[in-house]
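Enquirer: Have a look at this one.
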Amino acid sequence: MTFTKNQSFTFIDLFAGIGGFRLALERLGGHCINFSEIHNDAINTYCANFDEAEGFNLGDITKIKNLPAHDIMTAGVPCQSWSIAGKNLGFDDDRGQLWNDTIYLLNQSRPKAFIFENVKGLADPRNREALFYILSRIKAAGYYARHFVLNSSDYGVPQDRVRVYIVGFLNEVYLRKFRLPPPQKSTLKLIDVLQDCGDRQLTKSSGEMTDLFGDPIKDNRRYRKQIGMNDFFLFNDIRNGPTTIHSWDLTSTTKRQQHICYLLLRNRRKPLYGKLDGNPLSLSHFQKLDSAIQQDELEKLVELGIFKKVDYAFAVNPYGHLSLEKGEQLVLTHVSDGEITLDALKECREIKKAKIQFDKVIASLLTKKVLVCTETRYEFRYTKISTGIEGVNRIFLPKSEAFPTLVASDTNDFVALQDIEAEDEKSYKQAFLDEIFHKKLYRKISKEEACLIQGFPKDFKLPESRSRWMKLVGNSVSMPVIQMLGQAIVDTGCFSDVDFNIHHENSGFHTSTQLKTAIS
């Protein structure tokens, strides 16, 4: 896609973060009128990079009554309400209500176009009604809009970052003219942003290579993925694959111990052992799978830090004379035939809504002797996919096409400092363990690399603290995606159409009453 800077337009940057929207639109010739942000770290970073005084910030969007005239409104509306991390609360969360404030200002200020960004969860089937509601509000405000689900890796950055973008126009003609560019054929790879990987010149991405006869040479990386040799290794005990590293791969274990581990791995998700997605198994369960298994073998795996013991079922003693906490009382309402099971508690919607940490509640009830454990089971010590094993979730090879989504809370993802080659899956995994993991030739991405992975300049000014800059970069937008959308808006001619501009200047805006009436 060809980018131009010969079109002058103005924009207002709502939920501005550190200025990803502004970077993109200024590259197209846009001029920022004001920005709105409430988080101090983001405000300070924004002002430092764009040389703005804090008075340029409009502040809390919920307190803004009107906006100065502008051509494009941009908004990275807070997204946690629709994400897994935000428990999918949607409009029941105050952050979900911020959509209403954004659309109120859209209706009040009447820009010619807008770009809104949100997490991919907004477009999930479970949020269908929420997305429909937002689009209905936009339509009621007099705008014509479409939503797109785009991956940043398709538009110039080596990051798998899928987001929802809503693009709209005051005049329907320009929405019909709007053309979303197709994904780019050639994009940056992870190696292109890493600063200290060995053999860098040989592994940098390049154009298609051909043999002596002019035929394309098979991409070895793609071939590796086809036969199971992925470009990253996953540290996890509850999944299995050619490039999965289990805790028993990292500890000295016998073939017998590995056999027991695989029995748990292959059977823990079967409904025979419980209703959860992953269920612990008791000694009797193991013995039905392999009659030779003994208690001390399971205990040894606990000692090695691979298994953990789980109190699974409990008998209930009389407790009428005791004063119990609210959480304890709630847990005790799930007694069935004089027994409480872990299954019943983890499935309970009421407990989830009350945000009760039932592990602590169970421990308290055991201490008070209200509960007595009647069944102990065995589970893997590491069962959270995002946590990984001993602080490592994934290690990406330099030849990886993309790094995973940068998030505000940081992740346990790392990059390897060199690549590996092997003839088959088994030797590929062993080469990784020998040449990269055990030699500790891996690290987290740097601040400069995080900027490049988001499409920002590597010298973008950020705080020194990793937790602070990771939060800022993880909450930002991928700049090249916004630049692409901005260019597509410019290409519609909505800023250069004289007839439309005259009509726009003379048109009134919908009152809030009209807006509410239109969607009721």
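The numbering used here numbers the first residue of the sequence shown as 114 and each following residue consecutively. Positions of the beta carbon are idealized from the N, C-alpha and C atoms, including for glycine. These numbers come from a predicted model, not from an experiment.
What are the boundary residues of the alpha helix (DSSP H) that Glu-562 is part of?
Expert: 560-566
Enquirer: Return helix, strand or coil for Leu-133, following the three-state DSSP convention.
Expert: The question names Leu, but residue 133 in the sequence shown is Gly. Three-state result, Gly-133: helix.
Enquirer: What number of angstroms, rounded off, separates the C-alpha of Ser-149 from the C-alpha of Lys-302?
Expert: 33 Å
Enquirer: Could you check what DSSP says for Asp-206 in three-state terms: helix, strand or coil?
Expert: In this prediction, Asp-206 scores a pLDDT of 38, lower than 50, which makes its location untrustworthy; the coordinate-derived value is nonetheless stated afterwards. Three-state DSSP puts Asp-206 in coil, outside helix and strand.
Enquirer: Check whether the region 515-529 touches the region 551-570, taking contact to mean three or more Cβ pairs, one atom from each stretch, closer than 8 Å.
Expert: yes
Enquirer: Using only the alpha-carbon positions, how far apart do Phe-346 and Lys-584 sit?
Expert: One C-alpha to the other measures close to 25 Å.
Enquirer: Just verifying my parser: in three-state terms, what is the DSSP assignment at Pro-511?
Expert: coil
Enquirer: Alpha carbon to alpha carbon, how far is Ala-467 from Leu-479? Give it in angstroms, no decimals.
Expert: 21 Å
Enquirer: Leaving aside the five residues before and after Asp-403 along the sequence, list all residues of the same chain whose C-beta is less than 8 Å from its C-beta, in chain order.
Expert: Counting only Cβ-Cβ distances below 8 Å, and skipping sequence neighbours, we find His-372, Ile-373 and Leu-376.
Enquirer: Just confirm the distance between the C-beta atoms of Leu-263 and Tyr-278, as a whole number of angstroms; I'd bet it's less than 8 Å.
Expert: About 6 Å; that satisfies the 8 Å criterion.
Enquirer: Quick one: what's got a C-beta closer than 8 Å to Glu-452's C-beta in the same chain, skipping five residues either side?
Expert: Ala-426, Phe-427, Ala-428, Val-429 and Thr-487
Enquirer: Quick one: give me the first and last residue of the beta strand (DSSP E) that Glu-410 is part of.
Expert: Premise fails: Glu-410 lies in the alpha helix (DSSP H), 408-416, not in any beta strand (DSSP E).
Enquirer: Within 10 angstroms of the Cβ of Asn-179, are there 16 or more other Cβ atoms? Answer buried if so, exposed if not.
Expert: exposed
Enquirer: With a threshold of 7 Å on Cβ separation, who are the neighbours of Asn-147 within its own chain once the five nearest residues in sequence on each side are excluded?
Expert: Ile-125, Phe-169, Leu-171 and Pro-181
Enquirer: Distance, Cα to Cα, Gly-387 vs Asp-456?
Expert: 7 Å
Enquirer: State the DSSP-derived secondary structure class of Arg-382, mapped to helix, strand or coil.
Expert: coil
Enquirer: Kindly indicate which residue of Leu-378, Pro-271, Arg-223 and Arg-250 has the alpha-carbon position closest to the one of Trp-212.
Expert: For the set Leu-378, Pro-271, Arg-223 and Arg-250, the Cα lying nearest the Cα of Trp-212 is the one of Arg-250.
Enquirer: Apart from the five residues on each side of it in sequence, which residues of its chain come closer than 6 Å, Cβ to Cβ, to Gly-599?
Expert: Ala-137, Leu-138 and Leu-141
Enquirer: Is the distance from the Cβ of Thr-215 to the Cβ of Val-232 below 7 Å?
Expert: no
Enquirer: Got a sec: is the Cβ-Cβ distance from Lys-233 to anything in chain B below 7 Å?
Expert: Absent from the structure is chain B; it holds one protein chain and no more.
Enquirer: What are the boundary residues of the beta strand (DSSP E) that includes Phe-229?
Expert: 226-232
Enquirer: Between which two residues does the beta strand (DSSP E) carrying Leu-347 extend?
Expert: 345-348
Enquirer: Asn-147 bridges to which residues according to DSSP?
Expert: Bridge partners of Asn-147: Ile-125.
Enquirer: Where DSSP assigns a beta bridge to Gly-281, which residues make up the other side?
Expert: Phe-227 and Ala-258
Enquirer: In the structure shown, what three-state DSSP assignment does Arg-369 receive?
Expert: helix
Enquirer: Between the Cα of Val-579 and the Cα atoms of Ser-522, Tyr-268 and Gln-470, which residue gives the shortest distance?
Expert: In the sequence as presented, Val is not what sits at residue 579; that position holds Arg. Nearest C-alpha to Arg-579 among Ser-522, Tyr-268 and Gln-470: Ser-522.
Enquirer: Suppose the cutoff is 7 Å on Cβ atoms and the five residues either side in sequence are ignored; what does the same chain contact list for Val-485 look like?
Expert: Phe-427, Ala-428 and Asn-430
Enquirer: Can you name the residues that DSSP bridges to Ala-155?
Expert: Answer by DSSP bridge pairing: none, since Ala-155 is not bridged.
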